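Following: one structure in structure tokens, then a few remarks.
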Amino acid sequence: MEVSMMFVIFIPIAVMMAMMPYVTRKTESFGVTIPEHIYNDQELQKMRKLYAVVTVVFSLIIMVVMWAMKEILLQTIIFTCCLIAYLIGHFLIYLVFHYRMKALKGKRNWEFTKKQVIAVDTEFRKQKLIYSNAWFIIHVLVTAVTTVLTYVFYDRIPNRYPTHYDLFGNVTNWTEKSYSAVFELPAVQLFLTVLFVWMNNMIANSKQQLNAGNPEKSIQQNVRFRRRWSLFLMLSSLGIIVLFFFIQLSLVAAVSVKAVMIGGIAIIVLILIGSIGLSMITGQGGSNIKTTSNEENGIIGYDDDHYWKLGIFYFNHNDPSIWVEKRFGSGWTMNFAQPFAWLLLLVILTIPLLISLL
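Under full-length UniProt numbering, the first residue of the sequence shown is numbered 1, with each subsequent residue one higher.
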């Protein structure tokens with residue numbers, strides 16, 4: 001049962017990796033800029049299919065290895081190491097296709113076939129790009145209930161209570177009761193709520209990236225893209241906050257630890273499946289969304305490959321933007337040439353660590 005639950009988490013991740021070339025913008029292929037009309041080129045179609053096949057085969061090999069190691073795989077650290085090894089392997093597969101794509105672009109000389117421009121809509125920010133942050137009040141209320149519950153029933157919490165379990169549901173770590181210890185989870189809920197609000201604002205304020213070949217269509221797609229991911233963020237984050245409530249509830253009420261674990265895995269799987277479905281239906285930047293505007297103007301977007309290291313790391317000192325769309329897959333990444341981007345990463349990683357040490 002426990003090994004099966006691990007595969008339930010792993011399989012959606014494997015599917016997500018295999019589908020990445022199909023959710024990327026049609027003006028990009030394996031981290032390389034291309035003219036949109038080249039996207040359906042027969043050779044590029046073969047590359048996407050081959051990438052998906054290679055990724056699926058690699059995933060199956062990893063799953064076989066994990067099954068062979070199932071006796072020790074149930075240790076969380078071993079499973080985490082296997083997952084990290086898988087992600088590194090997937091990155092290496094991507095690099096092979098990235099360099100192959102760069103070579104093909106140089107051979108075909110696509111960048112000189114049409115005029116290149118950068119499209120910007122000065123009215124873009126005036127549109128309703130995200131759902132209101134007021135909806136996060138629900139998250140705050142759940143966090144408040146968790147906090148009050150912890151305070152009111154503090155005496156019911158055992159003097160020594162479990163805080164970590166293995167995948168069998170066996171306790172692997174115990175904590176001595178104290179106010180700082182029992183209020184750690186509500187503090188994490190509060191931190192995550194603030195983080196989710198900030199992420200929602202990031203979706204609205206991230207760099208505007210329009211397809212110069214059909215800017216009107218691209219604007220419609222990008223607005224819907226941001227709103228859909230804003231809604232997904234709100235729903236998935238609420239699931240996480242509610243899960244933490246039930247974890248805390250298990251300290252003061254007769255809530256089955258196994259039920260909480262299964263519920264947690266179910267939420268993770270639903271978030272993964274939801275993100276896969278949304279990515280496929282929407283596409284990066286909304287590129288898969290059908291719109292009423294299909295008129296093309298005979299030009300292509302600016303080729304900025306030189307700012308993208310390995311096709312996935314964006315370094316542009318001349319661009320003040322902190323958040324930009326990913327080149328491969330769906331979502332956002334940072335402009336790593338901006339010091340503030342590194343400061344944000346440091347804050348995001350440090351605060352949870354500080355909370356755990358209090």
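Built from N, CA and C at the ideal position, the CB exists for glycine as well.
Every value quoted in this text rests on a predicted model; they were computed, and no experiment measured them.
Span of the alpha helix (DSSP H) around residue i
| i | result |
| --- | --- |
| valine 257 | 257-282 |
| valine 56 | 42-68 |
Simplified DSSP state of residue i, which is helix, strand or coil
| i | result |
| --- | --- |
| threonine 333 | strand |
| asparagine 173 | strand |
| valine 324 | strand |
| phenylalanine 183 | coil |
| glutamate 216 | helix |
| serine 237 | helix |
| histidine 90 | helix |
| valine 15 | helix |
| methionine 1 | Residue placement at methionine 1 is flagged as unreliable, the pLDDT there being 44, under the threshold of 50; a coordinate-derived value is accordingly withheld. |
Terminal residues of the beta strand (DSSP E) in which residue i lies
| i | result |
| --- | --- |
| valine 142 | Unbroken run through valine 142 is the alpha helix (DSSP H), 137-152; no beta strand (DSSP E). |
| glutamate 36 | Per DSSP, glutamate 36 belongs to no beta strand (DSSP E) and is neither H nor E. |
CB of residue i within 8 Å of CB of residue j, strictly
| i | j | result |
| --- | --- | --- |
| glutamine 338 | isoleucine 322 | yes |
| threonine 27 | aspartate 305 | no |
| glycine 286 | arginine 224 | yes |
| isoleucine 93 | phenylalanine 58 | yes |
| arginine 156 | valine 252 | yes |
| leucine 210 | isoleucine 219 | yes |
| serine 236 | isoleucine 289 | no |
| phenylalanine 246 | valine 260 | yes |
| phenylalanine 124 | glutamine 221 | no |
| isoleucine 240 | methionine 16 | no |
| phenylalanine 91 | phenylalanine 136 | no |
| tyrosine 22 | phenylalanine 97 | no |
Closest Cα partner of residue i within the set the options
| i | options | result |
| --- | --- | --- |
| leucine 249 | Ser132, Thr150, Ser330 | Thr150 |
| tryptophan 67 | Val8, Thr24, Arg108 | Val8 |
| tyrosine 131 | Thr147, Val148, Ile203 | Ile203 |
| glutamate 43 | Arg100, Asn200, Ala14, Cys82 | Arg100 |
| proline 320 | Ile78, Phe232, Phe336 | Phe336 |
| arginine 160 | Glu176, Val152, Gly263 | Glu176 |
| tyrosine 154 | Thr55, Pro21, Ser178 | Ser178 |
| proline 186 | Leu243, Thr172, Lys217 | Leu243 |
| valine 347 | Lys309, Leu87, Trp198, Met69 | Trp198 |
| leucine 278 | Tyr307, Leu233, Thr291 | Leu233 |
Residues that residue i bridges to, as DSSP identifies them
| i | result |
| --- | --- |
| proline 21 | Answer is none; proline 21 lacks a bridge partner. |
| phenylalanine 313 | Lys309 |
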